[in-house]
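Q:
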Amino acid sequence: MIQKDLLEKKTFAVDIDGTITLNGMGTIHLEALSRLRSLKDDGHNVVFVTGRSSVEGYLLSIFGGLTHLSVGENGGCITYGDKIQHKLLGNKGECIHALATIQAKLDAEIKEKPVLPRMTEVVLERTFDIEQA
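Heads up, the final residue of the sequence shown is numbered 136 in the numbering used here, and it's a clean run with no missing numbers.
1) What is the residue span of the alpha helix (DSSP H) that Q135 lies within?
2) Using the Cβ count rule (16 or more neighbours within 10 Å means buried), how would you classify F51?
3) Does DSSP put A16 in a helix, a strand or coil?
4) Within 10 angstroms of the Cβ of L33, are there 16 or more other Cβ atoms? Answer buried if so, exposed if not.
5) Near I65, what residues of its chain come up, given a Cβ to Cβ distance below 8 Å and the 5 sequence neighbours on each side ignored?
6) By Cβ distance, which residues of its chain are closer than 7 Å to P117, with the 5 residues on each side in sequence left out?
7) DSSP state of S3, grouped into three classes?
8) Using a Cβ-Cβ cutoff of less than 7 Å, which residues in the same chain neighbour Q106 once the five nearest sequence positions on both sides are dropped?
9) How many angstroms separate the CA atom of D20 from the CA atom of T53?
10) Among R55, A16 and N48, which one has its Cα closest to the Cα of M28?
11) Quick one, are the C-beta atoms of H47 and T22 less than 8 Å apart?
12) Could you check which residue in G68, I31, L25 and V58 has the C-alpha nearest to that of K43?
13) For a quick check, are the C-beta atoms of C80 and L91 less than 8 Å apart?
Here is the structure:
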């Protein structure tokens, strides 16, 4: 039998939607969260990595009793620490420029999706052909 103190500390990167949720509405599977908490209790890091805002993942990490760190916005932002801090890796200005370019060139209604505010990206409604964009 392997003793817990002989195991190396590991970091587990876990997606939220479709991985620890029960449905498309974001309901958290509590047994999955409990197992992740067990990993944290065993000394490992459990980090949420999501397409959602990093703040959503960060808040889930706090309420779930996990490592206070989340990678969000498809890798564009890291939120961490006991005093909330953000490391911005993406550039929202470039996304806004790309959105304006697509809106000017496509004959389709292109709208931003109402989600929690993003720091490094824009989220669009699925109202246009992605191949044309």
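Each residue gets a CB set at the ideal place from its N, CA and C atoms; glycine is no exception.
A: Here's the rundown:
1) Here Q135 belongs to no alpha helix (DSSP H), and DSSP marks it neither H nor E.
2) buried
3) strand
4) exposed
5) H71
6) none
7) Residue 3 lies beyond the residue range present for the chain, which begins at 4 and ends at 136; the question has no answer from this structure.
8) I113
9) 8 Å
10) R55
11) no
12) G68
13) yes
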